[in-house]
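Its first residue numbered 2, the sequence shown is counted upward by one per residue in the numbering used here.
Note that the Cβ used here is the ideal one computed from N, Cα and C, for glycine as well.
Note that the structure is predicted; figures quoted are calculated from it, not measured.
Notes for the one structure printed next.
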Amino acid sequence: MSNKKYFSVGILSWISFAIIISTGTLELVSPAGVVLSWGYIIGVLVALMSESKRHTIISALLSLGFLTLYFFRIEDEAALRTILITRLYSVVGLGFMGYFLIRYIKREMKAANEKTLMAGIFSHGTQGIILTKDTGEIVMVNPFAELLFGYEPHTLTGRYSNELIQQTALIEPITSALSGLSKKLSAFRKDGSEFPVEMTTNQYLSGGERYSVHFIADITERLADEQKLLMQKRELEIVNQQLESFSYSVSHDLRSPLRAVGGYAQMLEEDYSASLDQEANRLLRNIQSNAKRMGMLIDDLLTFSRLGRKEVHKSIINLNQVAQAALSEISESVNHHAQVTIEPLPMAMADHSLMIHVFTNLLSNAIKYSSKREKPIVQISCVEEANDLIFCVRDNGVGFDMKYVNKLFGVFQRLHLDSEFEGTGVGLAMTYRIIQKHGGTMWAEAIKDEGAAFYFRLPIELEERNTKQQHAATVPIVESTRFLGETNLGAA
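Rendered as structure tokens:
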């Protein structure tokens with residue numbers, strides 16, 4: 002305790018004693034002075050202001066003593082009315098004294114419990130905690146800090162913080178605006194070894210003095226993990242560059258000989274088909290067909306490769322418009338007689354161009370695999386569940402056996418022969434990858450010869466939820482959209 006504070010406590014305590022003794026003396030001299038009984042309360046309040054537990058208890062006991070003495074004093078010469086007033090004031094005074102004393106004791110007990118709790122938290126923290134004065138002198142440390150810096154218990158107090166943390170960081174003035182910010186610094190153990198730490202500093206004023214509390218964590222392992230991740234990132238960048246080179250090679254170097262094979266086979270068929278037998282012509286047609294299929298596989302593989310490197314640019318989009326655009330694109334390139342129903346779809350936070358891919362692939366598959374039905378039906382719907390939007394594209398087509406469902410979303414994985422339905426087995430893999438890049442999931446359900454349903458889940462983001470609420474308040478409900486083609490499905 003500083004001399005100034007000690008002097009202030011002493012003055013208040015003596016003033017408290019003087020008020021109580023003066024009040025007791027005046028009551029002893031004259032019963033008419035019983036109004037001064039309130040001086041006891043004032044005296045105890047002054048003692049409370051001194052924040053001295055011992056002086057407060059002495060003041061309260063002194064006041065109670067005077068009040069008890071005058072409560073039982075016999076006033077032979079005083080009038081009955083005066084005696085009653087004296088006793089009444091004494092009772093009231095005793096009640097107030099008891100109230101203040103009990104309240105003070107409870108406050109002291111609460112403060113003691115809080116100190117015990119804080120001491121427990123301070124001692125069992127999982128970070129090093131160091132309390133220093135404004136000069137850098139260490140006032141208190143927790144056991145974890147002693148262990149962290151390799152010191153024996155109770156040997157850090159009295160040292161200076163620049164013995165533990167690099168000096169340049171600690172001599173910088175820490176303003177209230179910077180208080181609480183974390184810094185990565187170098188620290189030193191007792192044996193002289195250096196290690197990286199992250200330190201957060203907060204400043205406090207107590208008793209007119211400024212203190213700093215430093216929270217220190219060893220980040221050696223974290224920096225090692227960050228370095229490892231950085232190396233892995235660089236390796237991935239190298240792999241991506243190699244994949245881009247491979248894609249360029251596939252796109253240019255392989256296409257030329259492939260086109261040559263297909264072109265020469267076509268010229269042979271056109272110029273020499275009459276000279277060749279039936280088997281030779283069949284082989285030439287197979288060469289052309291496989292060259293065409295190989296070209297389609299290359300195109301889809303390149304698309305899938307570019308999709309993996311494409312960044313997702315999310316914005317609030319109208320999925321009704323996206324589904325309609327995908328359906329229009331399919332209908333322009335493929336003749337079909339499917340009845341396509343698009344139920345009202347919500348606004349969503351997603352990449353517009355990528356969602357066009359999703360609906361195009363799912364719709365074209367549904368139309369293709371239901372094309373052999375007399376009345377092919379395709380339906381797009383959506384439901385909101387918790388914090389997700391769940392979309393469904395359902396058809397009444399050929400379906401598939403659910404024991405092969407795990408193969409659906411792999412590259413070049415197909416559940417039907419090319420002679421039944423054309424395709425490369427890349428479309429669903431691309432769709433699955435797009436949904437994953439949006440933070441969602443995708444799955445399928447089907448019954449063989451009864452149809453299939455493909456689901457995908459998109460998370461609802463806060464901005465999306467606000468936009469949907471505004472949209473619902475201003476836009477009327479959109480009716481389901483039906484589209485009916487005119488002719489049978491061609492090659493999809």
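Comparing alpha-carbon positions, which option in the options lies nearest residue i?
| i | options | result |
| --- | --- | --- |
| threonine 442 | Glu138, Ala430, His358 and Leu459 | Leu459 |
| glutamate 446 | Pro377, Glu386, Ser372 and Ala367 | Ala367 |
| leucine 149 | Thr201, Ile217 and Glu312 | Ile217 |
| arginine 395 | Phe457, Pro144 and Tyr152 | Phe457 |
| valine 140 | Ala326, Met348, Ile239 and His215 | His215 |
| alanine 326 | Asn336, Asp300, Val359 and Leu298 | Val359 |
| isoleucine 299 | Thr202, Phe247, Lys111 and Asn287 | Phe247 |
| glutamate 502 | Leu259, Leu285 and Val406 | Outside the displayed range of the chain (2 to 493) lies residue 502, so it cannot be described from this structure. |
| proline 258 | Pro377, Lys293 and Gln233 | Lys293 |
| leucine 328 | His314, Val313 and Gln380 | Gln380 |
| leucine 165 | Glu462, Ser183 and Asp192 | Asp192 |
| methionine 356 | Lys438, Thr202 and Val384 | Lys438 |
| threonine 202 | Lys111, Lys184 and Ser194 | Lys184 |
In whole angstroms, what is the alpha-carbon distance linking residue i and residue j?
| i | j | result |
| --- | --- | --- |
| serine 60 | serine 17 | 7 angstroms |
| glutamate 236 | aspartate 226 | 15 angstroms |
| alanine 351 | glutamate 344 | 19 angstroms |
| histidine 338 | asparagine 241 | 43 angstroms |
| phenylalanine 196 | asparagine 114 | 37 angstroms |
| valine 262 | leucine 231 | 45 angstroms |
| glutamate 28 | serine 207 | 42 angstroms |
| glutamate 280 | glutamate 375 | 36 angstroms |
| arginine 434 | phenylalanine 410 | 9 angstroms |
| glutamate 210 | threonine 133 | 11 angstroms |
| valine 503 | isoleucine 391 | It is not possible to answer for residue 503, since the shown part of the chain is limited to 2 through 493. |
| glutamine 267 | aspartate 254 | 21 angstroms |
| threonine 156 | arginine 108 | 34 angstroms |
| asparagine 163 | isoleucine 436 | 53 angstroms |
| glutamine 243 | arginine 160 | 57 angstroms |
| alanine 275 | asparagine 287 | 17 angstroms |
| glutamate 386 | asparagine 407 | 25 angstroms |
| valine 1 | aspartate 389 | Lying before the first or after the last residue shown, residue 1 is absent from the chain, which here runs from 2 to 493. |
| threonine 24 | phenylalanine 67 | 9 angstroms |
| leucine 269 | asparagine 282 | 9 angstroms |
| isoleucine 131 | arginine 223 | 22 angstroms |
| leucine 89 | isoleucine 58 | 24 angstroms |
| leucine 70 | glycine 96 | 15 angstroms |
| lysine 229 | isoleucine 461 | 33 angstroms |
| tyrosine 405 | asparagine 321 | 32 angstroms |
| glutamate 312 | methionine 297 | 24 angstroms |
Below 8 angstroms on the Cβ atoms is my contact criterion, and I expect residue i with residue j to pass it. Report the Cβ-Cβ distance as a whole number of Å.
| i | j | result |
| --- | --- | --- |
| lysine 449 | aspartate 402 | 5 angstroms |
| serine 354 | isoleucine 331 | 16 angstroms between Cβ atoms; not a contact. |
| glutamate 238 | isoleucine 220 | At roughly 25 angstroms, the Cβ-Cβ gap does not stay under 8 angstroms, so glutamate 238 and isoleucine 220 are not in contact. |
| isoleucine 317 | methionine 295 | 41 angstroms between Cβ atoms; not a contact. |
| tyrosine 370 | valine 399 | 5 angstroms |
| glycine 428 | asparagine 362 | 4 angstroms |
For residue i, which residues from the same chain have a beta carbon less than 7 angstroms from its beta carbon, with the 5 sequence-adjacent residues on both sides left out?
| i | result |
| --- | --- |
| isoleucine 20 | Gly40, Ile43, Gly44 and Val47 |
| isoleucine 103 | none |
| serine 64 | Ile21, Tyr41, Gly44, Val45 and Met98 |
| serine 14 | Ala48, Ser51, Ser53 and His56 |
| glutamine 167 | Leu186 and Ser187 |
| glutamine 289 | Gly263, Ala266 and Gln267 |
| glycine 34 | Interpretation of glycine 34 is limited by its pLDDT of 48, a score under 50 that renders its predicted location unreliable; the figure taken from the coordinates is listed afterwards. Cβ within range, chain order: Leu27 and Glu28. |
| glycine 137 | Tyr161, Ser162, Asn163 and Leu171 |
Leaving out five residues before and five after residue i in sequence, what residues of the same chain have Cβ atoms less than 6 angstroms from its Cβ?
| i | result |
| --- | --- |
| serine 382 | Glu344 and Cys393 |
| tyrosine 205 | Tyr212 |
| threonine 158 | Ile139 |
| leucine 277 | none |
| histidine 314 | Asp352 |
| proline 377 | Ala339 and Ser371 |
Beta-carbon within less than 8 angstroms of residue i's beta-carbon, same chain only, minus the 5 sequence neighbours each way: which residues are those?
| i | result |
| --- | --- |
| threonine 169 | Low confidence applies to threonine 169: its pLDDT is 48, below 50, so where it sits in the model is not reliable, and the reading given next is rough at best. Around threonine 169: no qualifying Cβ. |
| glutamate 451 | Asn397 and Gly400 |
| glutamate 153 | Glu147 |
| arginine 256 | Gly296 and Ile299 |
Going by the DSSP bridge assignment, what does residue i pair with across the sheet?
| i | result |
| --- | --- |
| phenylalanine 457 | Phe392 and Met443 |
| serine 290 | Bridge partners of serine 290: none, in fact. |
| methionine 348 | Asn319 |
| methionine 232 | Paired residues: none, contrary to the question. |
| isoleucine 166 | Ala188 |
| glutamine 243 | According to DSSP, glutamine 243 bridges with nothing at all. |
| proline 197 | Ser187 |
| leucine 206 | Arg211 |
| valine 262 | Answer is none; valine 262 lacks a bridge partner. |
| glutamate 386 | Asp389 |
| asparagine 368 | In the sequence as presented, asparagine is not what sits at residue 368; that position holds isoleucine. BP columns for isoleucine 368 are empty, so no partner. |
| methionine 141 | Leu132 |
| phenylalanine 216 | Ile130 and Thr201 |
Please determine whether the Cβ atom of residue i lies at a distance below 7 angstroms from any heavy atom of the ligand COA.
| i | result |
| --- | --- |
| glutamine 279 | Because no ligand of any kind appears in the structure shown, any question about the ligand COA cannot be addressed here. |
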